[in-house]
Amino acid sequence: MEVLGIIPARYASTRFPGKPLTDIKGKSMIQRVYEQAKKSSLAEVVVATDDQRILEHVQGFGGRAVMTGSQHQSGTDRCFEAYKLNNQPYEYIINIQGDEPFIHPEQIDLVARCFDRPQTQLATLVKKVETAEELFNVNSPKVVLNQAKEALYFSRQPIPYCRNVPNDIWHKQHTYYKHIGIYGYRADILEQITQLPPSALELAESLEQLRWLENGFRITTALTHHETIGIDTPEDLERAIQHL
Numbered sequence: 007m008e009v010l011g012i013i014p015a016r017y018a019s020t021r022f023p024g025k026p027l028t029d030i031k032g033k034s035m036i037q038r039v040y041e042q043a044k045k046s047s048l049a050e051v052v053v054a055t056d057d058q059r060i061l062e063h064v065q066g067f068g069g070r071a072v073m074t075g076s077q078h079q080s081g082t083d084r085c086f087e088a089y090k091l092n093n094q095p096y097e098y099i100i101n102i103q104g105d106e107p108f109i110h111p112e113q114i115d116l117v118a119r120c121f122d123r124p125q126t127q128l129a130t131l132v133k134k135v136e137t138a139e140e141l142f143n144v145n146s147p148k149v150v151l152n153q154a155k156e157a158l159y160f161s162r163q164p165i166p167y168c169r170n171v172p173n174d175i176w177h178k179q180h181t182y183y184k185h186i187g188i189y190g191y192r193a194d195i196l197e198q199i200t201q202l203p204p205s206a207l208e209l210a211e212s213l214e215q216l217r218w219l220e221n222g223f224r225i226t227t228a229l230t231h232h233e234t235i236g237i238d239t240p241e242d243l244e245r246a247i248q249h250l
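In short: position in the sequence shown from 1, add 6, done, that's our numbering.
Shown next, in the form of structure tokens:
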């Protein structure tokens with residue numbers, strides 16, 4: 007099974023403009039993501055950008071990049087355009103976040119292996135919540151799973167509610183999972199979900215994946231034990247440099 011990896015990377019981030027090109031100990035963020043992705047079992051990796059500076063930078067370090075439109079509202083939409091621009095067709099595509107320079111190649115392979123199950127339409131990763139702080143962090147979406155390890159719902163709030171239990175020990179009374187933002191798509195499903203209008207649940211929680219669930223698509227999950235370090239702000243970058 008050959009899988010295409012796509013790294014969406016736009017320049018105009020509201021909280022951190024030019025983020026993909028920011029330097030992290032001698033390498034740009036996008037180069038670090040690209041190099042980590044190349045260590046996985048992906049057949050091909052491509053950066054999908056809307057900015058000439060990012061395109062030329064990726065090509066400069068020997069990576070592959072394509073120019074996509076600036077109108078896209080999400081990384082999923084940008085991934086679909088990049089997929090259509092690709093010379094070789096693939097049945098499966100993985101969307102790798104362009105702001106996670108320390109992503110583990112094993113995490114990418116975990117998502118790819120979800121498609122060993124013929125019924126998988128979409129795939130993502132989850133990680134067990136270990137502390138009350140991360141459980142109640144609204145910037146870290148949580149996932150409710152069914153018995154087949156498919157996502158039932160994503161929320162910024164802890165679900166389920168642990169009745170008659172103090173908040174600081176909810177994570178000890180019930181197994182909660184947080185979402186790790188990497189997505190796998192079957193190519194035909196990727197095309198379908200990009201045609202969907204924003205849904206009520208998505209708008210309420212500001213979580214794109216709820217649009218897919220609300221329209222009846224299934225999201226298979228795999229459990230990772232690796233933490234991810236996403237960089238949304240300059241302050242996040244400082245913490246990432248300390249990690250490195």
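We treat Cβ as the ideally placed atom computed from N, Cα and C, and that holds for glycine.
Using a 10 angstroms sphere on the CB of Asp174, the tally of other CB atoms stays under 16, which defines it as exposed.
Glu208 is bridged by DSSP to nothing; it lacks a bridge partner. Secondary structure of Met73 (DSSP, three-state): strand. Counting C-beta atoms within 10 angstroms of its own C-beta, Leu158 has fewer than 16 neighbours from the protein chains shown and is therefore classed as exposed. In this structure, DSSP gives Thr234 a state outside helix and strand, which the three-state scheme calls coil. Distance from Ile102 to Ile165 at the Cβ level is roughly 27 Å; contact not present, criterion being Cβ atoms closer than 8 Å. Within the DSSP secondary-structure output, Tyr167 pairs in no beta bridge.
Going by C-alpha positions, Leu216 is about 8 Å away from Ser205. Shown here for Arg21: same chain residues with a beta carbon closer than 6 Å to its own, the five before and five after excluded, namely Asp238 and Thr239 in chain order. Counting only runs that start and end inside the stretch 73-110, the alpha helix (DSSP H) elements of at least 4 residues fall at 81-91. Spanning the alpha carbons of Leu213 and Lys148 requires a straight line of approximately 11 Å. Residue environment analysis places Phe67 among the exposed positions, since fewer than 16 neighbouring C-beta atoms fall within 10 angstroms of its C-beta. Contact between Ile199 and Thr234 does not hold, since the beta-carbon distance rounds to 23 Å and is not under 8 Å. Listed as beta-bridge partners of Ser47 by DSSP are no residues whatsoever. The DSSP-derived three-state label of Phe121 is helix.
Nearest neighbour of Tyr96 by Cα position, chosen from His177, Asp29, Val9 and Thr130, turns out to be Val9.
Beta-bridge partners assigned by DSSP to Glu156: Thr226. Taking the CA atoms as reference points, Asp242 sits about 30 Å from Leu196.
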